[in-house]
Amino acid sequence: MCGIIGITQNNSEDLMEKLYQSLKRLEYRGYDSVGFAVLSQESIKISKNKGKVDEVAKQTDFSLMKGTTGIGHSRWATHGAPTKENAHPHTDCQNKIAVIHNGIISNFLQLRKELTQKGHIFTSETDTEVVPHLLEDLLQQGKSMKEALFELATILGGAYALVVIHTSEPNKIYCMKKENPLILGVTKDESYAASDIPAFLPYTREAITLRDDELATLEPGKYMIYNVKTGKTVSRKPHRITWTPDAAQKGGYPHFMLKEIHESGQVLRTQLASEISNVEQIAQAILDADNIITMAAGTAFYASLTTQYLFQQTFGKIVIPTIASEYETVLPIINKNTVVVAVSQSGETIDTIKAVKEAKQKGAKIIAIVNVVGSTITRIADHIVYIQAGPEIGVAATKTYLAQVFAIWRIYHQALLKTNQTTLAQQLQKAIQNIPDEIERIVRNDEAKARDIAKKIQNAQSAFYLGRGINLTTALEGALKLKEISYIHAEAYPAGESKHGPIALIHKNYPIIFIAPNDNTREKIIGNIMEMKARGAYTIGIIEKHDQELKQILHQYFEINPQYSKQLQNIPYQIPLHLIAYYTATTKGHDPDYPRNLAKSVTVE
Ligand code: M6R
């Protein structure tokens with residue numbers, strides 16, 4: 010969703026260039042308009058428009074926007090169409106205050122009505138614009154900026170990450186947040202505020218996560234944090250980001266998504282090398298719980314389904330996978346003997362945050378499987394497993410999906426050990442150790458084939474992904490990926506369910522991807538393939554290596570080593586599907602990194 014950057018520094022030469030580069034690095038969040046504001050000689054210079062960062066930067070004369078303090082914003086439209094007027098920053102009537110915002114001000118209609126009655130002139134349809142006008146009003150009452158912002162926090166409803174500048178304080182940035190992320194970055198001479206770490210990663214790796222109901226003031230090389238409810242200062246030291254600036258670059262790949270698919274093996278290797286003690290504790294917590302509820306959205310939800318297949322089947326634990334935005338359905342059964350497994354790459358998905366907060370209030374123990382260190386969900390959780398995937402810039406999750414599933418398998422492995430299921434645990438241990446190499450082998454071997462299949466299916470209107478057992482997760486994630494970036498309608502079903510309706514759609518050359526490992530699901534999947542083939546479908550299978558029978562039946566296939574037909578199978582079987590989605594999108598001429606309408610981190614409900 011919206012990208013935010015604020016910079017205050019001593020040097021005025023490169024401010025605009027840094028604002029521009031920072032917004033470029035936030036493009037992955039998804040947006041449709043862009044704006045910059047720089048404090049310059051007691052006035053605010055603004056440039057904004059709909060379109061891409063590069064387009065708006067081209068329309069902007071950087072030499073006219075000289076200053077030491079500035080803000081930049083990429084807007085993902087919610088209130089009002091993507092237009093120049095609705096693009097951020099928004100200002101007050103006197104053009105002295107400029108504001109950028111991520112989130113939704115829920116009571117903006119009422120506030121706008123009151124402010125209009127007082128004579129304020131609005132120039133956009135956004136909810137955000139009430140903020141500069143409210144501040145203007147409060148300042149006119151004789152309040153300082155800090156006091157005005159404290160009061161603003163009591164007036165605004167909804168969620169926000171706000172960054173504000175004022176002409177009277179040319180070296181200062183004010184930031185305030187509730188439910189939307191804001192990260193501060195500091196060096197000796199500069200201070201940054203951003204919606205996400207990659208924005209300032211080339212300039213500093215010293216970061217501070219602002220918490221809900223906090224206000225920060227930034228000056229070059231200095232920051233202060235206040236609790237807006239008590240007005241008291243909060244002492245918080247920066248933490249060091251381990252991600253390198255290179256990790257957020259394409260590194261020679263045409264797209265972040267392809268780079269990230271290639272990084273999948275290494276990501277799991279890094280996770281394997283990390284601390285295991287928290288994984289052991291989590292396994293015990295799950296074994297001790299009466300019931301387990303998973304909460305997640307999108308790809309993370311599909312990853313979370315792994316919990317049900319593993320813990321319900323082996324340990325007879327009741328596992329209820331819950332789409333985070335539907336959390337109310339499970340609230341009545343949550344109590345202090347419930348474990349909630351929250352899965353989220355960003356740790357900032359508002360639906361998941363809301364669900365987890367409610368579950369916590371009802372006494373549940375929260376386990377977070379998260380990528381971004383210090384993110385909101387990690388601060389609510391009782392136990393955290395960091396998936397150690399590094400920054401994922403492509404909007405479509407790839408390496409983080411595999412890393413989430415891997416984290417769940419590792420917890421399961423510890424649970425097997427704790428319950429003395431040694432044979433199963435030993436087999437799994439071997440698969441766990443070898444999986445990074447296997448992933449790298451699959452990526453190397455299968456890229457060319459995925460490209461060929463992309464050519465074959467690029468003009469399809471629709472596709473099905475069919476799997477059984479734990480590989481329903483593989484099918485669901487494969488279908489989501491294809492639809493997200495190639496815009497081909499794709500649905501996944503349990504293969505057995507395909508006969509109960511979906512089969513009506515099959516016609517000649519209708520693409521169907523089957524996940525067909527050599528396990529207890531194989532015979533039934535063969536039956537499903539034959540049914541679909543008989544109706545003209547174009548069949549693609551992800552199969553176990555040397556499965557001669559399936560090789561003869563299918564039109565196309567990808568082979569996975571036999572070791573993974575029973576252990577960890579929804580990891581390697583996924584790789585060809587990520588490659589198919591990537592190459593179908595690029596074959597059709599779409600940019601897989603920035604799919605239309607999608608945002609990397611969904612911070613509005
Ligand atoms: O940051 P999260 O893992 O909580 O994000 C959840 C979903 O928004 C995300 O997985 C989304 O579905 C991606 N576009 C999938 O590719």
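The working numbering applies: residue 10 is where the sequence shown begins, and numbers increase by one.
Beta carbons: idealized from backbone N, C-alpha and C, even for Gly.
The structure displayed is predicted, hence computed values, not measured ones.
Can you check which of these residues, the options, is closest to residue i by C-alpha distance?
i: Pro-442; options: Asp-222, Pro-141, Val-62 and Thr-279; result: According to the sequence displayed, residue 442 carries Gln and not Pro. Minimum Cα distance to Gln-442 is reached at Thr-279.
i: Ile-16; options: Ser-52, Gly-76, Tyr-311 and Asp-70; result: Gly-76
i: Ile-444; options: Ile-569, Arg-388, Leu-191 and Thr-347; result: Ile-569
i: Ala-66; options: Tyr-29, Phe-265, Phe-523 and Thr-213; result: Tyr-29
i: His-88; options: His-110, Trp-252 and Ala-373; result: His-110
i: Gln-572; options: Ile-466, Glu-553 and Pro-511; result: Glu-553
i: Leu-165; options: Gln-119, Ala-203, Pro-179 and Gly-194; result: Gln-119
i: Val-382; options: Lys-27, Ala-501, Leu-411 and Ile-250; result: Ile-250
i: His-82; options: Asp-70, Met-74 and Ala-96; result: Ala-96
i: Phe-4; options: Thr-385, Ile-420 and Glu-138; result: Because the chain here runs from 10 to 614, residue 4 falls outside it and cannot be looked at.
i: Pro-247; options: Asp-221, Leu-267 and Ala-216; result: Ala-216
i: Ala-484; options: Leu-314, Arg-38 and Ile-270; result: Leu-314
i: Phe-209; options: Ile-402, Val-613, Thr-595 and Lys-27; result: Lys-27
i: Met-539; options: Lys-508, Gly-167 and Ile-396; result: Lys-508
i: Thr-303; options: His-599, Ala-368 and Tyr-262; result: Ala-368
i: Ala-256; options: Leu-281, Pro-211, Val-237 and Ile-389; result: Pro-211
i: Val-237; options: Val-173, Leu-161 and Arg-245; result: Leu-161
i: Ile-174; options: Ala-463, Ala-202, Gly-167 and Ala-168; result: Ala-202
i: Ala-305; options: Tyr-37, Thr-100, Tyr-336 and Gly-194; result: Tyr-336
i: Glu-532; options: Gln-126, Asn-429, Gln-565 and Gly-476; result: Gly-476
i: Asp-622; options: His-142, Ile-551, Phe-415 and Gly-372; result: A query on residue 622 cannot be resolved here, the shown segment of the chain reaching from 10 to 614 and no further.
Pick helix, strand or coil for residue i, following the three-state DSSP scheme.
i: Thr-317; result: Sequence check: residue 317 is Gln here, not Thr. Gln-317: helix per DSSP, three-state reduction.
i: His-175; result: strand
i: Ile-206; result: helix
i: Tyr-235; result: strand
i: Met-541; result: helix
i: Ser-273; result: helix
i: Leu-35; result: coil
i: Glu-447; result: helix
i: Gln-565; result: strand
i: His-142; result: helix
i: His-509; result: helix
i: Ser-72; result: helix
i: Leu-219; result: coil
i: Ile-359; result: helix
i: Phe-523; result: strand
i: Val-404; result: coil
On the DSSP bridge assignment, give the partners of residue i in chain order.
i: Gln-18; result: Glu-199
i: Leu-491; result: Beta-bridge pairing links Leu-491 to no other residue.
i: Lys-187; result: Tyr-169
i: Pro-330; result: Thr-303
i: Tyr-502; result: Leu-475
i: Lys-54; result: Val-47
i: Leu-224; result: Met-185 and Tyr-235
i: Ile-615; result: As displayed, the chain neither begins before 10 nor continues past 614, which places residue 615 out of reach and without an answer.
i: Ala-377; result: Ala-351 and Ile-393
i: Val-243; result: Ile-234
CA-CA distance, residue i and residue j?
i: Glu-156; j: Leu-171; result: 15 Å
i: Gln-617; j: Gln-583; result: Any property of residue 617 remains undetermined from this structure, which presents the chain solely from 10 to 614.
i: Gly-505; j: Glu-94; result: 52 Å
i: Asn-116; j: Ala-459; result: 49 Å
i: Met-154; j: Asn-468; result: 57 Å
i: Glu-51; j: Asp-41; result: 30 Å
i: Ser-495; j: His-264; result: 14 Å
i: Val-47; j: Val-62; result: 16 Å
i: Pro-511; j: Gly-307; result: 22 Å
i: Gly-356; j: Ile-13; result: 17 Å
i: Pro-91; j: Lys-187; result: 24 Å
i: Asp-446; j: Thr-239; result: 53 Å
i: Pro-352; j: Leu-559; result: In the sequence as presented, Pro is not what sits at residue 352; that position holds Val. Val-352 and Leu-559: Cα-Cα distance of roughly 35 Å.
i: Met-25; j: Tyr-183; result: 19 Å
i: Phe-473; j: Ala-377; result: 31 Å
i: Asn-344; j: Lys-366; result: 13 Å
i: Leu-616; j: Lys-57; result: Since the first residue of the chain shown is 10 and the last is 614, residue 616 is not available in this structure.
i: Gln-293; j: Asp-528; result: 28 Å
i: Leu-491; j: Ile-234; result: 43 Å
i: Glu-272; j: His-498; result: 27 Å
i: Pro-207; j: Asn-189; result: 16 Å
i: Asp-600; j: Gly-403; result: 10 Å
i: Gly-598; j: Ala-405; result: 16 Å
Quick one: is residue i near chain C, going by C-beta distance under 8 Å?
i: Ala-282; result: The displayed structure is made up of one protein chain only, and chain C is not part of it.
When you get a sec, list the residues whose CB is within less than 5 Å of any heavy atom of the ligand M6R, chain order please.
Ala-306, Gly-307, Thr-308, Ala-309, Ser-353, Gln-354, Ser-355, Thr-358, Ala-405, Ala-406 and Val-611
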